[in-house]
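Visitor:
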Amino acid sequence: MAGSIRDFRLYDGALSATQVQGLVKTPEDGAAVASALSALTVTNIDDVRGNLTLPKSSQGLPVTWTSANGDVIAADGTVTRPDADTTVELTASVTKNATTQKRTFSAAVRKAADIGPFEGYTFAYFTGNSVAGENIYFAASNGNNALSWTELNGGQPKLTSTFGERGLRDPFLIRSPEGDTFYLIATDLSIGRNGDWGRAQRQGSKYLEVWESHDLVTWSAQRHVKVSPDTAGNTWAPEAYYDETLGEYVVFWASQLYPENDPNHTTNSYNRMLYATTRDFVTFSDTKIWQDGMSRIDSTVIKADGVYQRFTKDEGAGTTGCSDIIQESSPVLTAPLDQWKSVTSCIGRNAGTGAVEGPSIFKANPGDVNGDKYYLFVDEYGGRGYIPLATTDIANPNWQVPATYRLPASPRHGTVMPVTAAELAALRANLPQPLQANANGEILHYDFTDAPGAVLRDRSGAGRDAQVQGGATFAGGALTFDGTNDYVDLPDNVLVGMNDFTVETELRIDPAQRNPYFLYGFGNTGGNGEGNGYLFSTGDGQYRGALTTGNWTGEQNATAGAALPRGQWVHLTYTLQGSTARLYLDGQQVAENTNVTVRPGDIGGGSTLANYLGKSVYNADNLFRGQMRDFALYNRALSPQEVVEQSGNPEILGNISLQDPTALKVAPLVDTANRTVTFPVKPGTDLTTLRPTFATATGTTATPASGTVRNLSTPMTVTLKTDGKADVVWTLKAIEMKSPVLPGLYADPNIAVFGDTYYIYATTDGTPGWGGNTFYVWKSKNLVDWTRSDKPFLTLDGANGNVPWATGNAWAPTITEKGGKYYFYFSGHEPNANRKMIGVAVADSPEGPFTAEAQPMITNGESVNSGQAIDPAAFKDPQTGKYYLFWGNGSPVYGELADDMKSIKAGTIKRIDGLPDFREGLFMNYRDGLYHLTYSIDDTGSPDYRVGYATSTSVNGPWTFHGLLLQKDPSQGILGTAHSSIINVPGTDEWYIAYHRFAIPGGNGTNRETTIDRVTIGADGLFQPVTPTLTSVAPREVPATPQPTASPTASPTASPTASPTASPTASPTASPTASPTASPTASPTASPTASPTASPTASPTVNPTASASPSAASTGPVVTASTSTVERGGTVIVTVTGLQAGEQIRAELRSDPIRIAGIPAADANGRVTFSVQIPGNLPAGAHSIVVFRADGTELPHLGITVVAKGQLAATGAQAPLGAGLLAASLLVAGGALWAMRRPRRTAA
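Count along the sequence shown from 1, add 5, and you get the number used in this note's numbering.
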């Protein structure tokens, strides 16, 4: 035979025609195989550091692999890194029918990494629901300390997104098992651009955003990778963990899944945890369901002692006891839900936090200064933001908040990852270094004695000269700013490493100064032209100084009670020492904040590029107009004595105390305007032998001198003498401060008397978002000495408490007696309807035990309702013997109690008219044929919270308004005086009022205390205005032969929230005015949803557009808002009409005044519109927007209710269509109804 043979086969049977055809090599098969080989790619083939993904098919054809060095790269792609860099040939074979072709790949395998021990940490996070906040920020630990951090990149984001939603949230950072590769994955979501939480869970992203790095400094291009199925509505909070048994990363996230026949995702759903696997974060396996509960999000995992510990936010509460973080364990990472063992639940609640989500777990490094611990960082979204929890034993945990910690500025759901010393040094390499101060602690000092020119010389000795901009001119040792283009540009990065500070300046504000403005500012301006971390002071509206690591929403203020004077020289000093900031005017302390957590060095991670005199870090603000003649920045806090001496003010007493300061119950109360000092001392202190101490300016002498023994039981004087000046006389006195009557933080007191004993039932205060959930009973025989029950008699905590229907917000109770039974009415949160309701509990004794009814008695779904069903007040009408219950927020209502005292008689609920500026807290008394109705006005978080008063000859009205019964007294430091109740001492005509006020010192709308004062009766039979006191009342026992078992003649009600409105100035004979009608509320029927870092519950109420217009007939300026209810982090659009053309108004968000920047001048029609960003950490509840005209006139306050993130979105997403249409119609129609409505009160 001539020729050649290249293939020969012998078979033991006959082949079919198809089999024979398969043995024939055709050109078409060859082309298909060649194309499939050409299309093959292997991720990271040129830089192999971990297991490879070797494709098993290409263009529909199977691929097989062989390796020339299986010890380094196995045929399945598993990589074992060698001791030296190695090249390995990998061969891919593709076969079609009889055609097989091969392709060789050269894999460059890096030698095994030797990274060394971990000696620090890095932290990746986002900062909030804004376009600026939804990016990836980084921080580095200060050494091997998981609780101390410095921001990187000047506090600016490191990674931003150009794909998908263009927002980045919930970043997760993971190190490869080989040690030298890092992956960062993040949620593709932008609430800052869209704001629609409902859309985000129905038509949201199905993608992960991925970056890769080998040094944590340089990052790859962004990868936009689809991982969720088409039936998913969102892909939230991704995390990953490397599973050694799989040789792959298990990546998991939360998604709402919808039926395949519902492509628009319109049906109700809930979040499940899904997962997929990957080796390279490029190619992912098919997605599987990992956890399918009632609603689960935000899982995070760590492996300890061979067991996986998983932490998840259980939104639906399931069988875990509460909507909180739960911990489960399993030896298999990908095991289904029923194979995980519960370790603990309610982690946040048990650690004493508010509601939490977004957990991130990690183990402390060996040698961490805080010891060997596990840390779980969580987002307390209604309170402190991201906070750490710690335990020493993760298998049997006791999670607690560490006593001290300092996280980066405003972190939200992110990841902490251990790093080596070299990696930490690389991360911190570009941080600015602290500046050296002179011997006096000065960093900068300018005395303005320079010759005309563009340079302001630094007199601290460091040569840190500043640049004069515009046309500012030197003359007479001062620099004059024209308010047009003049300012001083100070050196950069002067706050680096600074903990304490003093800013001291002398200046004169021109009477023509335009608001808003900064006197000085140190910080940064963001790309949007707004401040992004700064320290500043202003005299705009109120003299104040503040620090923030973000924008105005996070300012931590020390605020005086008035604006700075204009047209005169003043000496200003602003200090921070530890957590205490103090503000001084001419040497006299005028403000203090003892809860400052921001340090100057935290701002921008030490990088501050916008440091100015006379200019704001907000581009839209006005420049300073006036003069400066001295300015200094210190890296320490000047003492009060130093401040007085350097002020040069001969008329003040400064640094006032007692030689024995332990005798003081609170700090001395100084009234500079009237030159008086009150020393509130502890009860029992001898007032006749006190030694007041104080400081005076240099050259001024005091007679008697500081430290002299004085009898301060009556006012005594101190005379200040200064050569060439008239004598100045100060008056000093001391009082025994016997208030508050209840120790600790309690609000909304209901005082009652049964038999020979007084009782107080109150809201347990001091919890963010008014989140207290317990009721105690206090009792006294004399109104002075009170004892509390050892345990709460009611706990509103669902299955964990003894009020089955309620889960928190135990507010404003009331009690009455009938037939030997005691009926206790209270407000609570009903989670299914997600709104406040009123319940009742019954006992045989006023001290309990009380048994609560299984269901609420008032749901706010009645035919006549209020803004919220809160603040019940029980009243027995002595004229008829009938029992009534009063309640309401925003609109007052009442109804007759049924015979069982557990329900309202049908058809008896009525609205109450004639109570101007009603907010909440009704209370009824009866005396000599006259019904006395008191109620609270303004926001419970406002210093102006006060008590209104009206009377009638019938329980049904009409009501005559008599003005205010009780209001604040700033001269005594008494603020926020309301939510009261009044009793008559049986058998007498003596009356007492119990009320709450801001706790002294440093209290606010969620830190309130209870006290009692005397009520007197006028000749006209009316209650006379009450002057609040620090001394409270003298002992008063119930007479020995009191009226038989007197039931309280009224019962208070109060609840923690509201939004401020202007105080009425009605005369005692003011005619009654109509009370607005409340709009109905819609209740959602679907289960709540949540964002990865937002609040999971929905808001059930419909809130029409808010208005602060005094009346429809008013011709003055009118303030309106786009909504009366807004989520934390959301935006309210405010419109003001009726202004002068070109008028420049200013505005504040209250209770704690937060300045609103960027307000334009009114247009030619006298109209201006601006936006108000709601801080992400603002307490839920009622607040207000206060607008000031150019002349300082304060317009009627605009009430808004702030709810937790995700509440409004969940309502919109899950309420039935009919409810949504009803809500829309109410929003449009509500404007006229709500012209004088106060917003309903809400808490997280």
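The beta-carbon is built from N, C-alpha and C at its ideal position, and this holds for glycine as well.
Predicted model, so just to flag it, every value in this text is computed and none were measured.
Confirm, please, whether the CB-CB distance from K107 to L66 is below 8 Å.
Guide: no
Visitor: To which residues does DSSP link V47 through a beta bridge?
Guide: Note: V47 sits in no beta bridge, so no partner.
Visitor: So what does DSSP say about G900, is it helix, strand or coil?
Guide: strand
Visitor: Taking E1042 as the reference, give the member of L788, F880 and E995 with the closest Cα.
Guide: L788
Visitor: Going by DSSP, name the residue or residues bridged to F1201.
Guide: Just to set this straight, residue 1201 is Pro in the shown sequence, not Phe. P1201 pairs with nothing; no bridge assigned.
Visitor: So what's G528 in DSSP terms, helix, strand or just coil?
Guide: strand
Visitor: According to the neighbour-count rule (16 or more other Cβ atoms, all chains shown, within 10 Å of its Cβ), is G1 buried or exposed?
Guide: Nothing in the structure corresponds to residue 1, since the chain is present only between 6 and 1249.
Visitor: Below 6 Å CB to CB, which residues in the same chain sit around H450 once its five sequence neighbours on both sides are set aside?
Guide: R464, S465 and A637
Visitor: Write down the C-beta distance between S1251 and Y954 rounded to the nearest angstrom, noting that I regard them as a contact closer than 8 Å.
Guide: Absent from the model: residue 1251. The displayed extent of the chain is 6 to 1249, so no value can be given.
Visitor: For my contact list, A191 and D175 are in at a C-beta cut-off of 8 Å; report their separation, rounded to the angstrom.
Guide: 6 Å
Visitor: Would you mind listing the beta strand (DSSP E) stretches within the segment 171-204 that are 3+ residues and don't spill past its ends, in chain order?
Guide: 173-180 and 187-193
Visitor: So what does DSSP say about G18, is it helix, strand or coil?
Guide: coil
Visitor: Is it true that the segment 661-676 meets the segment 517-527, where meeting means three or more beta-carbon pairs spaced less than 8 Å apart?
Guide: They do not touch, by the three-pair rule.
Visitor: Please state whether the Cβ-Cβ distance between I514 and D591 is less than 8 Å.
Guide: no
Visitor: What did DSSP end up calling V38 once you bin it into helix, strand or coil?
Guide: helix
Visitor: Does the beta-carbon of A408 have 16 or more other beta-carbons within 10 angstroms, so that it is buried, or is it exposed?
Guide: exposed
Visitor: What three-state label does DSSP hand A1259 in the structure shown?
Guide: Outside the shown range of the chain (6 to 1249) lies residue 1259, about which nothing can therefore be said.
Visitor: Count the other CB atoms, across all protein chains shown, that sit within 10 Å of the CB of V734; report buried if there are 16 or more and exposed otherwise.
Guide: exposed
Visitor: Is the distance from the Cβ of N529 to the Cβ of N556 below 8 Å?
Guide: no
Visitor: Quick one, which of D795, W70, T599 and G238 has its alpha-carbon nearest E265's?
Guide: G238
Visitor: Taking its Cβ as the centre, do 16 or more other Cβ atoms sit within 10 Å of N401, making it buried, or is it exposed?
Guide: exposed
Visitor: Quick check: F527 and T613, are their CB atoms within less than 8 Å of each other?
Guide: yes
Visitor: To which residues of the same chain is D179 closer than 6 Å at the C-beta, ignoring the five residues directly before and after it?
Guide: One point to set straight first is that residue 179 is Ile, not Asp, in the sequence displayed. Excluding positions up to five away in sequence, the list reads Y188 and A245.
Visitor: Cutting at 6 Å between CB atoms, please list the residues of its own chain near V711, excluding the five before and the five after it.
Guide: Before going on, a small fix: residue 711 reads as Ser here, not Val. Same-chain partners within the cutoff: T698 and F699.
Visitor: Between R228 and R301, what straight-line distance do the alpha-carbon atoms span, to the nearest angstrom?
Guide: 26 Å
Visitor: Count the other CB atoms, across all protein chains shown, that sit within 10 Å of the CB of Q972; report buried if there are 16 or more and exposed otherwise.
Guide: buried
Visitor: Could you give the uninterrupted runs of the beta strand (DSSP E) lying entirely in the segment 652-739, keeping only those of 3 residues or more?
Guide: 659-663, 674-676, 681-686, 697-700, 705-708 and 721-727
Visitor: Please state whether DSSP places S542 in a helix, a strand or coil.
Guide: strand
Visitor: Give every residue of the same chain whose Cβ lies closer than 7 Å to the Cβ of D455, excluding the five residues on either side of it in the sequence, and list them in chain order.
Guide: Taken in chain order, the residues that qualify are L461, R462 and F479.
Visitor: Would you mind working out which of D248, A1195, Y254 and P234 sits nearest S260, comparing C-alpha positions?
Guide: It is P234.
Visitor: Using a 10 Å radius around the Cβ and a threshold of 16 neighbouring Cβ atoms, would you call L193 buried or exposed?
Guide: Strictly speaking, residue 193 in this sequence is Asp, with Leu absent from that position. The residue in question, D193, is buried, as its Cβ has 16 or more Cβ neighbours within 10 Å.
Visitor: Ignore the nearest five residues each way along the sequence and tell me which others in D17's own chain have a CB closer than 8 Å to its CB.
Guide: No residues qualify anywhere along the chain.
Visitor: I need the straight-line Cα distance from R1133 to G1204, nearest angstrom please.
Guide: A straight-line Cα-Cα distance of about 15 Å links R1133 and G1204.
Visitor: Per DSSP, what are the beta-bridge partners of R630 in this structure?
Guide: D487
Visitor: Can you tell me whether D626 is buried or exposed, with buried defined as 16 or more other CB within 10 angstroms of its CB?
Guide: buried
Visitor: Which residue or residues does DSSP assign as beta-bridge partners of T965?
Guide: Looking at the DSSP assignment, T965 forms a beta bridge with T956.
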